[in-house]
Amino acid sequence: MKKEDLIQFDHNEDGIDRRGFLKCMAWAGTGTLCVMKGGVLNSYSLGSLSKLDPGAAMGELSFVQISDSHMGFNKPANPDVIGTLKAAIDKINALPGSPAFLLHTGDITHLSKPEEFDNVQQILKAAKVKEAFYVPGEHDVAIDEGREYLERYGKGTKGAGWHSFDKNGVHFVGLVNVVNLKAGGLGTLGHDQLEWLENDLKAKRSSTPIVVFAHIPLWSVYPEWGWGTDDSAEALSYLKRFGSVTVLNGHIHQTMQKVEGNVTFHTAASTAFPQPAPGTADSPGPMKVPAEELRSVLGVTSVNFVRGQKALAVVDSNLS
Amino acid sequence: MNRKIRILGMGIFLVALFTHAANSRKGTSAAVAPPQMTNEMSVGVKIDNFSFSPPNLEIKAGTTVTWTNADDIPHTVVSNDKAFKSKVLDTDQRFSFTFDKPGTYPYFCSLHPKMTAKVVVQ
C-alpha cells in the first residue's frame, strides 16, 4: 500500500478517511454508459470500463446516466457527496469518444435547497457532454411542490417536468412519478401525464427505439419499500407496440435489470450512497458499509442485450 | 443506519419526551396512562426506519403531538385530508401539531407514502 493510502484522519472510527473513501467509491463505479447500437441499448458500468472492449462503446448513439447525487447529504454513509459526484464526472470525461449527453434520473439534491442545486450545476459543468437532461426525484420536489426544480430544469417541459426528445432516431421520454403521492401508495404518474404520454407516442413508428427515464422504478422492484409506480402498467401498455423499449430508473441506489416482453428495465447506482437490497434490512435508507465491502454493494453488473427481429436474447455479462 | 447517530437521535428524542412530560405534569395528578392512550398534553411520535412509532396514537383533545425524525433521510408528516402538514424534516428536526377536535386523523409521509399512521383524538 502506498503511503498516501494510509489512513490520516479517522473521524468516524470506521478505519477509512476521506481520501480512502473516495478511492473506494471511485473504484466501485458510480454511473452508466449507454450505447445504442442497431436500435439496441447496451449499458456498461463506468467502474468497469478499463475491461471494456473499446469497440463495444461505439454505436450510433452513446450517452451516460447518473442518478441520486443527493447533494447536501452529509451522514456517515457518505460525508462527501461532492467528491463522489466529481469522481463520476471524472469517469465520464475519461470515456473514449464523448457521450452525446447526460441523463440524471433524479434526487439531484437531498433537500431541494437552491445551494444544493447550485453545487450540482457547478460540478456538472466539468462534464464533457454537450447537454444534460433531468427528471426530478422526490428529494428535488420536497419544498415548494417542485418550484425550484422547475425554475432550473422545467424549460420546455410539461406539468411537473415531463418531456420528450429525439436523438439519432431514438425517442427519449422523461417521466415524473414523484409528485402528488397518495397515502399508502407508490410512485404516481397521474392522469394528465399518462394522457400526454399516449399522445406523445402516437406519432412514432413501432420500429423507433424508445428510452423512458424516470426516478422511481416503473416496475415493481419491491412495493413493500415503495419501490414501484402505481400506474406504470398503463404507461407500459402504450409502449407494447414498440420493438425496442428501455426503461432507466434510479431511486433504489443499486443496479438491477429485468426483461419483460419487449421492455428492458435498468436501475442505476447512486453517486452518493448505497441502499440495502430489497427486504434485507428493516427499511430502505443510507447504508454504511465497510470499505472492503463497497465493491460488492456498489459494484455493477452490466447487461448487454441483443434484440433479434422477433425474439429477445439477453446476455448477462458481469464486467466487474 | 449509523448506530452512533441513531443513539444520539434516540437520546434527543427521549430528552424531548421527558421535558414535555415534566412540563405537562405540573398541577396534574400522576395517573399512569394505559398503553396507546395518554392523559399527557404533549406526546411524541418517533420517525425511524421509514415508520412512525407508535403507528396508532390515541390522545385527548388539546394534546400536542411532536414528531421527531430519527432517520438519515428526510421525511414529512402530512394528514390525508391536509388538516396538518409539516415542512420537510431533516434528521433530528421536529414538527408539532395540537389536536383540538376529536376525530381520527390518518397521516403519511408525502415523500415515502408507504409510511402511514394515525392519531385518534377523543
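Line by line, the protein sequences give chains Z and G.
At position 65 of the first sequence the residue is numbered 65 (our numbering), and the sequence of numbers has no breaks.
For our numbering, count along the second sequence from 1 and bump the result up by 1000.
Note that beta-carbon positions come from the ideal geometry of N, C-alpha and C, so glycine has one too.
Keep in mind it's a predicted model, so treat the numbers as computed, not measured.
So is Glu138(Z) in contact with chain G if we call contact Cβ pairs under 8 Å?
Along the first sequence, one-based indexing puts residue 138(Z) at 138. Judged by the 8 Å Cβ criterion, Glu138(Z) is in contact with chain G.
Return the first residue and the last residue of the alpha helix (DSSP H) that Arg147(Z) is part of.
Here the question's residue 147(Z) lines up with position 147 in the first sequence. From DSSP, the alpha helix (DSSP H) with Arg147(Z) extends over Arg147 to Tyr153.
Who are the Cβ neighbours of Ser207(Z) in its own chain at under 7 Å, not counting the five residues just before and after it?
What you label residue 207(Z) is simply residue 207 of the first sequence in a count that begins at 1. Here the set comprises Gly243.
Note down, one range per segment and in chain order, each beta strand (DSSP E) of at least 3 residues found wholly within the segment 91 to 174 of chain Z.
Those beta strand (DSSP E) runs which fall completely within the segment 91 to 174 of chain Z and span 3+ residues are 101 to 104, 131 to 134, 163 to 167 and 170 to 174.
Could you tell me which chain Z residues have their CB closer than 8 Å to the CB of Ile1059(G), listed as they occur along the chain?
Position 59 of the second sequence, counting from 1, holds the residue named residue 1059(G). Those do not exist, as Ile1059(G) stays about 20 Å from chain Z at its closest Cβ, beyond 8 Å.
Is the Cβ-Cβ distance between Phe1052(G) and Asn1080(G) less than 8 Å?
Within the second sequence, the letter at position 52 stands for residue 1052(G). Within the second sequence, the letter at position 80 stands for residue 1080(G). No, the pair does not count as a contact, with Cβ atoms beyond the cut-off.
With 8 Å as the threshold, decide whether the Cβ of Ser283(Z) is near any Cβ in chain G.
Position 283 of the first sequence, counted from the start, is the residue given in the question as residue 283(Z). Judged by the 8 Å Cβ criterion, Ser283(Z) is in contact with chain G.
From the DSSP output, read off the bridge partner residues of Ile210(Z).
Locating residue 210(Z) in the first sequence gives position 210, where the first residue counts as 1. Ile210(Z) is bridged to His171(Z) and Val245(Z).
According to DSSP, is Trp334(Z) part of a helix, a strand, or is it coil?
This structure gives no information on residue 334(Z), because the portion of chain Z shown stretches from 1 to 320.
Got a sec: is the Cβ-Cβ distance from Lys204(Z) to anything in chain G below 8 Å?
Position 204 of the first sequence, counting from 1, holds the residue named residue 204(Z). Closer than 8 Å: no.
Can you tell me where the alpha helix (DSSP H) with Glu198(Z) in it begins and where it stops?
In the first sequence, residue 198(Z) corresponds to position 198, counting from 1. His191 to Lys202 is the span of the alpha helix (DSSP H), which, as asked, contains Glu198(Z).
Determine which residues share a DSSP beta bridge with Thr229(Z) and list them.
Here residue 229(Z) corresponds to residue number 229 of the first sequence, with the count starting at 1. Paired residues: Gly187(Z).
With 16 as the cutoff for other CB atoms within 10 Å, does Lys1087(G) come out buried or exposed?
Numbered from its first residue, the second sequence carries residue 1087(G) at position 87. By the 10 Å Cβ count, Lys1087(G) comes out exposed.
Using 10 angstroms around the beta-carbon of His191(Z), count the other beta-carbons present and answer buried if the total reaches 16, otherwise exposed.
Within the first sequence, numbered from 1, the residue matching residue 191(Z) stands at position 191. By the 10 Å Cβ count, His191(Z) comes out exposed.
Just to confirm before moving on: does the CB-CB distance between Asp53(Z) and Asn1049(G) stay below 8 Å?
Mapped onto the first sequence, residue 53(Z) falls at position 53. Mapped onto the second sequence, residue 1049(G) falls at position 49. Not a contact, by the Cβ cut-off of 8 Å.
Taking a contact to mean a Cβ-Cβ separation below 8 Å, would you say Trp225(Z) touches Pro278(Z) in this structure?
Here residue 225(Z) refers to the residue found at position 225 of the first sequence. Here residue 278(Z) refers to the residue found at position 278 of the first sequence. Yes. Within cutoff.
Can you tell me whether Ala88(Z) is buried or exposed? The criterion is at least 16 other CB atoms within 10 Å of its CB, across all chains shown.
The count along the first sequence starts at 1 and reaches residue 88(Z) at position 88. So Ala88(Z) counts as buried.
Cβ closer than 8 Å: which chain C residues qualify as neighbours of Trp225(Z)?
The structure shown has no chain C; the protein chains it does contain are Z and G.
What did DSSP end up calling Tyr1105(G) once you bin it into helix, strand or coil?
Residue mapping note: residue 1105(G) aligns to position 105 of the second sequence, counting from 1. Residue state, collapsed to three classes: strand.
Would you mind giving the Cβ-Cβ distance between Leu332(Z) and Val211(Z), rounded to the nearest angstrom? I have them listed as a contact below 8 Å.
A question about residue 332(Z) goes unanswered here, because the residues of chain Z that appear run from 1 up to 320.
Let me make sure I understand the geometry here. Which of Pro1054(G), Lys1060(G) and Lys1082(G) has the alpha-carbon closest to that of Ser1042(G)?
By one-based count along the second sequence, residue 1042(G) stands at place 42. Ranking the options by Cα distance to Ser1042(G), first place goes to Lys1060(G).
With DSSP as the reference, label Ile66(Z) as helix, strand or coil.
Walking along the first sequence from the start, residue 66(Z) turns up at place 66. It is a strand residue.
What is the DSSP secondary structure of Gly1044(G), reduced to helix, strand or coil?
On the second sequence, residue 1044(G) is found 44 positions in, with the first residue counted as 1. Residue state, collapsed to three classes: strand.
Taking the C-alpha atoms as reference points, what is the distance between Ile143(Z) and Phe265(Z)?
If you number the first sequence from 1, residue 143(Z) lands on position 143. If you number the first sequence from 1, residue 265(Z) lands on position 265. Each residue's Cα considered, the two are about 30 Å apart.
Output, in chain order, the set of chain G residues within a Cβ distance shorter than 7 Å of Ala183(Z).
Your numbering for residue 183(Z) matches position 183 in the first sequence. In chain order: Asn1080, Pro1106, Phe1108, Pro1113 and Thr1116.
Here's the rule I'm using: 16 or more other beta-carbon atoms within 10 Å means buried, otherwise exposed. How should Glu195(Z) be labelled?
Within the first sequence, numbered from 1, the residue matching residue 195(Z) stands at position 195. Label assigned to Glu195(Z): exposed.
Which stretch, first to last residue, makes up the beta strand (DSSP E) that contains Ser1053(G)?
Working through the second sequence from its first residue, we reach residue 1053(G) at position 53. Ser1051 to Ser1053 is the extent of the beta strand (DSSP E) around Ser1053(G).
Would you be able to state if there are at least three C-beta pairs under 8 Å between the segment 68 to 88 of chain Z and the segment 156 to 171 of chain Z?
These segments do not touch.
What would DSSP say about Val1120(G), mapped onto helix, strand or coil?
What you label residue 1120(G) is simply residue 120 of the second sequence in a count that begins at 1. Here Val1120(G) sits in strand by DSSP.
Please confirm whether Gly185(Z) and Asp230(Z) have their CB atoms less than 8 Å apart.
Taking the first residue of the first sequence as position 1, residue 185(Z) is located at position 185. Taking the first residue of the first sequence as position 1, residue 230(Z) is located at position 230. Against a cut-off of 8 Å, the Cβ pair of Asp230(Z) and Gly185(Z) comes out as a contact.
Would you say Phe1045(G) faces chain Z, with C-beta separation under 8 Å as the test?
The residue you call residue 1045(G) lines up with position 45 of the second sequence. According to the sequence displayed, residue 1045(G) carries Val and not Phe. No, Val1045(G) does not count as interfacial toward chain Z.
Anything in chain G within Cβ reach of Ala142(Z), meaning under 7 Å, just list it in chain order.
Residue numbering aside, residue 142(Z) sits at position 142 when the first sequence is read from its first letter. The contacting residues are Pro1074, Val1088 and Leu1111.
What number of angstroms, rounded off, separates the C-alpha of Ser237(Z) from the C-alpha of Leu201(Z)?
Translated into positions along the first sequence, residue 237(Z) becomes position 237. Translated into positions along the first sequence, residue 201(Z) becomes position 201. C-alpha separation (whole angstroms): 11 Å.
So who's on the other strand from Lys258(Z), going by DSSP bridges?
Counted from its first residue, the first sequence places residue 258(Z) at position 258. DSSP, once it has assigned bridges, lists Phe265(Z) as partnering Lys258(Z).
Exposed or buried, what is Phe172(Z) when buried is set at 16 or more other beta-carbons lying within 10 Å of its beta-carbon?
On the first sequence, position 172 is the one that residue 172(Z) refers to. Buried: at least 16 other Cβ atoms inside 10 Å.
What's the C-alpha gap between Asn262(Z) and Ser232(Z)?
Here residue 262(Z) refers to the residue found at position 262 of the first sequence. Here residue 232(Z) refers to the residue found at position 232 of the first sequence. Roughly 15 Å separates the two Cα atoms.
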